[in-house]
Amino acid sequence: MTNIGFLGAVNVGKTSLLRLFVDYCQTNNCTVIKSDFSGESTAYDQDIPITTKTIHPNRVYFSDTETHNHTLFAPGGDKERAVVRMGIITISRIAKQVVAVFSLNQNLQEQLEFFSSVRHIPREIYVCLNKFDLVDKNDGLKLAQNWEIVVKNYFSKRKIKVKDFYVTCAENNEEYKVYNKAAAEMILNITKDSDDLVMESDAISASAAI
Ligand SMILES: Nc1nc2c(ncn2[C@@H]2O[C@H](COP(=O)(O)OP(=O)(O)OP(=O)(O)O)[C@@H](O)[C@H]2O)c(=O)[nH]1
Ligand SMILES: [Mg+2]
């Protein structure tokens, strides 16, 4: 079984990517065994929900196309809150595969600072440049290419290799369907890289744990 973690600064779209993956599994060749989004907290303004924020890591336990089971975790990105920070530390330690998520319409340096505060990161990771829809009309692909260089350099200084970059849109959007699909397929590609298989009994106990 593989534990996969989405790590990234606040609001970059980690939870949205997780939800998108659940939707994708419903129409494709993978099965969601259990999902838990109870870590999400909603902020209200006069009874009207305005934003949501992840407090405890959200998770999806799923079976891939070859019926190997995996758990995908998305902790919150607000490292200033102790309880959220605890989730980041825990997931960064238990995840065998990490996807570093960036939002193309937020400050890049601040997002890199988030990773500087995460001590334990696997030697090889994947990077997802999300919210492409918000920058597309402003030479978005060029921006993504420039970010790839900066992000790759940042991680290589920490002796971490970026195995692959994915440009994604986690917001369901007809116009960006191909980028939505890329986001979901990224997860399945990553699981293929893992040769750590699950025994049936492990699957049942992990399922019971979430
Ligand atoms: N336009 C657009 N909006 C997005 C995209 N991904 C996420 N969002 C929006 O960005 C906001 C934050 O998304 P979340 O998925 O909650 O971000 P997060 O990284 O999980 O946030 P924390 O867990 O609190 O750090 C929400 O309003 C989403 O609807 C995207 O690709 N495009
Ligand atoms: Mg979240």
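Going by our numbering, the first residue of the sequence shown is number 2, and it counts up by one from there.
The beta carbon of each residue, even a glycine, is placed where N, CA and C say it ideally should be.
Keep in mind the model is a prediction, meaning the values are calculated, not measured.
Among the options, which one has its Cα closest to the Cα of residue i?
i: Leu109; options: Asp134, Ser42 and Lys153; result: Lys153
i: Ala171; options: Thr192, Lys158 and Asn131; result: Asn131
i: Phe115; options: Glu175, Ala101, Glu149 and Leu189; result: Ala101
i: Glu111; options: Asn173, Tyr62, Tyr155 and Gln27; result: Tyr155
i: Ser64; options: Ala184, Met2 and Ser157; result: Met2
i: Tyr127; options: Arg120, Ser117, Asn173 and Ile161; result: Ile161
i: Tyr177; options: Val99, Lys138, Ser118 and Glu125; result: Lys138
i: Thr32; options: Asp134, Thr91, Tyr62 and Asp140; result: Tyr62
i: Gly88; options: Gly40, Leu135 and His71; result: Gly40
i: Arg60; options: Val119, Ser17, Asp140 and Ala145; result: Ser17
i: Pro58; options: Ile51, Val85, His71 and Thr52; result: Val85
i: Val13; options: Phe133, His69 and Arg120; result: Phe133
i: Asn181; options: Gln146, Ser117, Cys129 and Ile191; result: Cys129
i: Lys193; options: His69, Leu21 and Lys54; result: His69
i: Lys54; options: Gly78, Glu175 and Asp46; result: Gly78
Per DSSP, which one or two residues make a beta bridge with residue i?
i: Ser42; result: Lys54
i: Thr72; result: Asn4 and Tyr62
i: Phe166; result: Val128
i: Asp37; result: Arg60
i: Ile49; result: Asp46
Provide the residue span of the alpha helix (DSSP H) that contains residue i, from first to last.
i: Ser157; result: Gly141 to Lys158
i: Ser117; result: Leu109 to Ser117
i: Asp24; result: Lys15 to Thr28
i: Ile188; result: Lys178 to Lys193
In this structure, does DSSP put residue i in helix, strand or coil?
i: Ile5; result: strand
i: Ala207; result: Since pLDDT at Ala207 reaches only 46, below the 50 mark, its modelled position is unreliable, and no value is offered.
i: Ile95; result: helix
i: Lys138; result: helix
i: Asp197; result: Confidence at Asp197 is low in this model, with a pLDDT of 45, below 50, so its placement is unreliable and the value that follows should be read with caution. The answer is coil: DSSP assigns Asp197 none of H, G, I, E or B.
i: Asn12; result: coil
Between which two residues does the beta strand (DSSP E) carrying residue i extend?
i: Cys212; result: Outside the displayed span of the chain (2 to 211) sits residue 212, for which this structure offers no information.
i: Ala101; result: Gln98 to Ser104
Do the CB positions of residue i and residue j come within less than 9 Å of each other?
i: Arg94; j: Ile56; result: no
i: Asp23; j: Ser36; result: Note on residue identity: the sequence assigns Val, not Asp, to residue 23. Taking 9 Å as the Cβ cut-off, Val23 and Ser36 qualify as a contacting pair.
i: Phe166; j: Glu186; result: no
i: Val163; j: Ala183; result: no
i: Asp188; j: Ile49; result: The sequence shown places Ile at residue 188, not Asp. Cβ atoms of Ile188 and Ile49: not closer than 9 Å.
i: Ser157; j: Ala10; result: no
i: Leu19; j: Phe38; result: yes
i: Ala96; j: Lys15; result: no
i: Asn173; j: Leu135; result: no
i: Thr52; j: Asn30; result: no
i: Ile191; j: Gln98; result: yes
i: Tyr143; j: Ser118; result: A quick correction: the sequence has Lys, not Tyr, at residue 143. No; because the gap between Cβ atoms is not below 9 Å, this pair is not in contact.
Against chain B, does residue i count as a neighbour if the rule is that its beta carbon must be under 9 Å from one of theirs?
i: Val11; result: Of the protein chains in the structure, only one exists, and it is not chain B.
Any residues whose CB sits closer than 5 Å to a heavy atom of ligand 4? List them in chain order?
No copy of ligand 4 appears in this structure; the ligands present are ligand 1 and ligand 2.
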